[in-house]
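K.L.:
Just so you know, the protein sequences line up as chains A and B, in that order.
Under numbering that gives the first Met the number 0, the first residue of the first sequence is numbered 0, with each subsequent residue one higher.
Under numbering that gives the first Met the number 0, the first residue of the second sequence is numbered 0, with each subsequent residue one higher.
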Amino acid sequence: MRGFLAILRRDLALEARRRESLLSMGVFAAATLFVFRFAFDLHKVESVTVSPAVLWVTALFAATIGLSRSFAVESAGEVMAGLLLAPVDRTAIYLAKVLSTFAVVAVVEAAAFLGLFLLFDPPEVWDPLALLGIAWLATAGFLGAGILFAAMTRHARSGGGTLLQILLLPLSIPLFIGGVQTSERLIRGLPLGDAAKWVPMLAAFGAIYLALGSVLFERVVEE
Amino acid sequence: MRPSLHRPTFAAHAVLAAAGIVAALWHIWKVAPLEIDQIGSSYLIFFFHFPSAVGSLEFFFLAALCGAWNLWKRGRVSDAASASAVEVGLLAAVVTLVTGSTWAKAAWGHWWVWDDPRLLSVAIMTITYLGYHLLRSLVDEPEKRARFCSVFSIVALVSVGFVHYAIKLLGKVSHPMKPFQDPSITQTRIVAWLAFLVLYLLLFRIRFAQARAALAIEDLRQRAEDLR
Numbered sequence: 000m001r002g003f004l005a006i007l008r009r010d011l012a013l014e015a016r017r018r019e020s021l022l023s024m025g026v027f028a029a030a031t032l033f034v035f036r037f038a039f040d041l042h043k044v045e046s047v048t049v050s051p052a053v054l055w056v057t058a059l060f061a062a063t064i065g066l067s068r069s070f071a072v073e074s075a076g077e078v079m080a081g082l083l084l085a086p087v088d089r090t091a092i093y094l095a096k097v098l099s100t101f102a103v104v105a106v107v108e109a110a111a112f113l114g115l116f117l118l119f120d121p122p123e124v125w126d127p128l129a130l131l132g133i134a135w136l137a138t139a140g141f142l143g144a145g146i147l148f149a150a151m152t153r154h155a156r157s158g159g160g161t162l163l164q165i166l167l168l169p170l171s172i173p174l175f176i177g178g179v180q181t182s183e184r185l186i187r188g189l190p191l192g193d194a195a196k197w198v199p200m201l202a203a204f205g206a207i208y209l210a211l212g213s214v215l216f217e218r219v220v221e222e
Numbered sequence: 000m001r002p003s004l005h006r007p008t009f010a011a012h013a014v015l016a017a018a019g020i021v022a023a024l025w026h027i028w029k030v031a032p033l034e035i036d037q038i039g040s041s042y043l044i045f046f047f048h049f050p051s052a053v054g055s056l057e058f059f060f061l062a063a064l065c066g067a068w069n070l071w072k073r074g075r076v077s078d079a080a081s082a083s084a085v086e087v088g089l090l091a092a093v094v095t096l097v098t099g100s101t102w103a104k105a106a107w108g109h110w111w112v113w114d115d116p117r118l119l120s121v122a123i124m125t126i127t128y129l130g131y132h133l134l135r136s137l138v139d140e141p142e143k144r145a146r147f148c149s150v151f152s153i154v155a156l157v158s159v160g161f162v163h164y165a166i167k168l169l170g171k172v173s174h175p176m177k178p179f180q181d182p183s184i185t186q187t188r189i190v191a192w193l194a195f196l197v198l199y200l201l202l203f204r205i206r207f208a209q210a211r212a213a214l215a216i217e218d219l220r221q222r223a224e225d226l227r
């Protein structure tokens, strides 16, 4: 537990000092929202029809940027080797990485929601807190698999940034579908209804990815 | 030791695969009805589609098993087996998509139906395993490559589970779930499944033998380097 907290504190302190991930994800999310806003003519297309997809594409790709930077500290020098030599459980390292990346992605997603509200002007009846909760639930699953893959792809030729997306995006499509289905209803101001079945599904995918990551991370980082 | 492709068991396997395919074709032609209600004779492609779909799931599962073995016991042979199983699984998945798409055109009038959960989930699974090959080709160090690919083959099983539960999760059933109650169709389906299983196992054996031969060549090259 001490190792977990130490790594989490270090990652969050570095991010608070440099704000590299936060800025790159935030700027990317803002640019994506603007591109979508220019691409869709809201006089012809209903805002509530496109908003869920815009929201999830923005969140997913912004989170991928966060993931590709998640091992930036460890890639410099022999930091990872030092971390592995320390008497810290590998699962603690993995979970600390997931949580520290989650903290940054969660802030960017909240800002992206605000941006969506300003640019796409969906009906005011929507429930932003429920929407944010579902987005964070899906993000936990996404990062569960993402941190595992990010630890692998940093050893790939040419940095592995593209490889990370290729490995991760197909496996996150179920999360994406669930997110779009639920958020469409919430943005319309409707109760979840049939889409409520996606909430336990998102939780189940998250639990599976986090469990697999916790078990397999040790095999990925061993030298 | 003789290379595995020159062993008598391999020849017997090849003969068995050919006999299985002939038996499946005979069943399709003579045992199963040539047409059924609503979808006519286009349903006959099902006897190629279904065995390939099941085959892809079986071989991706085998790949994960070999991957788990590799993580547990190490060694390059289990990694080669895992990679070979993914390749055969991918081939079966592509056959599934092509036959499924052809059937969709004949039965529903469209090559692709976006709201069919099964079609969608098989496509997601196929793309997931295409990533496996990219991972193999972009990690140079053999030991790391084996470990990473083994890990990925296990995580990618989630996409296989998604195929299984897609209809429950997405709740839209345009795919025929229990289409054919006729016993002759069930019999033909089982024969076709067995025939394709034997055929895909044969392809797996060929690919695995090639991979092992590549490892042996690599070893020889290394020994020649050491002797220099």
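We put the beta carbon where it would ideally sit given N, CA and C, even for glycine.
At a CB-CB cut-off below 8 Å, which residues of chain A make contact with B:F147?
P.N.:
By Cβ distance, chain A contributes M151, H154, V219.
K.L.:
Could you check whether the stretch 61 to 72 of chain B touches the stretch 80 to 96 of chain B, counting it as contact only if at least three pairs of C-beta atoms, one from each stretch, sit closer than 8 Å?
P.N.:
Contact between the stretch 61 to 72 of chain B and the stretch 80 to 96 of chain B is present, because at least three Cβ pairs lie under 8 Å.
K.L.:
Can a CB atom of chain B be found closer than 8 Å to the CB of A:M0?
P.N.:
No, no contact with chain B.
K.L.:
Got a sec: is the Cβ-Cβ distance from B:F47 to anything in chain A below 8 Å?
P.N.:
For B:F47, the answer is no, since every Cβ of chain A falls outside 8 Å of its Cβ.
K.L.:
Are the beta-carbon atoms of B:F203 and B:S51 separated by less than 8 Å?
P.N.:
Cβ atoms of B:F203 and B:S51: not closer than 8 Å.
K.L.:
Could you tell me how far apart the beta carbons of A:I133 and A:G178 are, in whole angstroms, since I believe they sit closer than 8 Å?
P.N.:
The Cβ separation is near 6 Å, so the contact holds.
K.L.:
Looking at C-alpha atoms only, which residue of A:S171, A:L170, A:A195, A:I172 is the closest neighbour of A:S182?
P.N.:
The shortest Cα separation from A:S182 among A:S171, A:L170, A:A195, A:I172 belongs to A:A195.
K.L.:
Can at least three beta-carbon pairs, one atom from the stretch 134 to 144 of chain B and one from the stretch 192 to 211 of chain A, be found at a separation below 8 Å?
P.N.:
Result no; under three Cβ-Cβ pairs closer than 8 Å.
K.L.:
Tell me the DSSP secondary structure of B:G74 in three-state form.
P.N.:
Coil.
K.L.:
DSSP three-state label for B:I35, please.
P.N.:
Strand.
K.L.:
With a threshold of 16 other CB atoms inside 10 Å of the CB of B:H48, please say whether the residue is buried or exposed.
P.N.:
Classification for B:H48: buried.
K.L.:
Which term fits A:A0, buried or exposed, when burial requires 16 or more other beta carbons within 10 angstroms of its beta carbon?
P.N.:
The question names Ala, yet the displayed sequence has Met at residue 0 of chain A. Counting Cβ neighbours within 10 Å, A:M0 comes out exposed, since fewer than 16 surround it.
K.L.:
Hey, does A:M200 have any beta-carbon neighbour from chain B nearer than 8 Å?
P.N.:
By this cut-off, A:M200 is an interface position.
K.L.:
Assuming the contact rule is C-beta atoms closer than 8 Å, B:P116 and B:A165 should be a hit. Round their C-beta distance to whole Å, please.
P.N.:
Contact flag correct, Cβ pair sits at about 4 Å.
K.L.:
Counting only beta-carbon separations shorter than 8 Å, does B:K143 have a partner in chain A?
P.N.:
Output row for B:K143: interface = yes.
K.L.:
Cβ of B:A122 within 7 Å of any heavy atom in the ligand COA?
P.N.:
For the ligand COA, the structure offers nothing, since it holds no ligand at all.
K.L.:
Output, in chain order, the set of chain A residues within a Cβ distance shorter than 9 Å of B:D139.
P.N.:
Ordered by position in chain A, the residues that pass the 9 Å Cβ test against B:D139 are H154, A155, R156.
K.L.:
Compare the Cα-Cα distances from B:V150 to each of A:G188, A:L211, A:L185 and report the closest residue.
P.N.:
Considering only alpha carbons, the answer is A:L211.
K.L.:
Which class does A:P190 belong to by DSSP, given the choice of helix, strand or coil?
P.N.:
Of the three classes helix, strand and coil, the one that applies to A:P190 here is coil, per DSSP.
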